[in-house]
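Every letter in the sequence shown is one number past the one before it in the numbering used here, and letter 92, counting from 1, is 344.
Where a beta carbon is used, it is the ideal one built from N, C-alpha and C, also for glycine.
Predicted model only: the values in this text are computed from it and were never measured.
Accompanying notes for the structure given below.
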Amino acid sequence: MPKHRRGSRAARPPSQVLPTALPAGARPPSFERLVEQALAGIPDRFRPALRDVAIVIEDEASDEELEAGRVRPGGELYGLYQGVPRTAWGADLAIVPNKISLFRLPLEADFPDPGRLAIEVRRTVIHELAHHLGIDDDRLDELGFD
């Protein structure tokens, strides 16, 4: 269940905005660290699903991944889930590897502010994990995870 470009430049509600100022001399966290923090914040009831999916960081989506995500020419992806959602598993189904790819360069380009980047990495991780759990794009939109 591939996902089109996850995220928009639309303003988020103030409740989702993190402080953006870093202490003097502080460096923003690495992208890998932001992904680790997002994964650490997954609620306990969803943590078992993380054992069934590889999470990888790539610079940007390949042409094949863009096609799988049904992205229009010139578009980008923040993340992509590839595999069989857990809700579709059955006794007669051979499980194929499940993978969540997070694309660093588009996220960093669209969200240069460290606080906003942290928010969008978290949203992308949750969005793609939701696909692994069988939640489709329409339901994610209803929940506010565009």
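Going along the chain, which residues of its own chain have a beta-carbon closer than 7 angstroms to the beta-carbon of R391, five neighbours each way excluded?
Within the same chain, and ignoring the five residues on either side of R391 in sequence, no residue has its Cβ closer than 7 angstroms to its Cβ.
Relative to the C-alpha of L369, which residue among L359, V377 and I378 is closest?
The option with the nearest alpha carbon to L369 is L359.
Exposed or buried, F355, counting other C-beta atoms within 10 Å across all chains shown (16 or more means buried)?
Its Cβ being crowded by 16 or more others within 10 Å, F355 is buried.
Might you give, ordered along the chain, the residues of its own chain that have their beta carbon closer than 8 angstroms to the beta carbon of L291, omitting 5 neighbours on each side?
Correct list, in chain order: L302, I307 and V377.
Does DSSP classify G331 as helix, strand or coil?
It is a strand residue.
Please identify the residue among D304, E319, V373 and G321 whose C-alpha is closest to the C-alpha of W341.
Closest in C-alpha terms to W341, from the list D304, E319, V373 and G321, comes D304.
First and last residue of the uninterrupted beta strand (DSSP E) at V373
No beta strand (DSSP E) holds V373; the alpha helix (DSSP H) holding it covers P366 to H384.
Suppose the cutoff is 8 angstroms on Cβ atoms and the five residues either side in sequence are ignored; what does the same chain contact list for R338 look like?
A301, D304, H384, L385 and G386.
So the beta strand (DSSP E) A306 belongs to, where does it begin and stop?
A306 to E310 is the extent of the beta strand (DSSP E) around A306.
Would E312 pass as a contact of L286 if the rule is Cβ separation under 9 angstroms?
Not in contact: E312 and L286 (Cβ atoms no closer than 9 angstroms).
One question on the structure: do L395 and I294 come within less than 9 angstroms of each other, judged by their Cβ atoms?
Not a contact, by the Cβ cut-off of 9 angstroms.
Any beta carbon of chain B sitting closer than 9 angstroms to that of D304?
In the structure shown, chain B does not exist; there is a single protein chain.
Taking the DSSP output, what are the residues bridged to L354?
L354 is bridged to I309 and G331.
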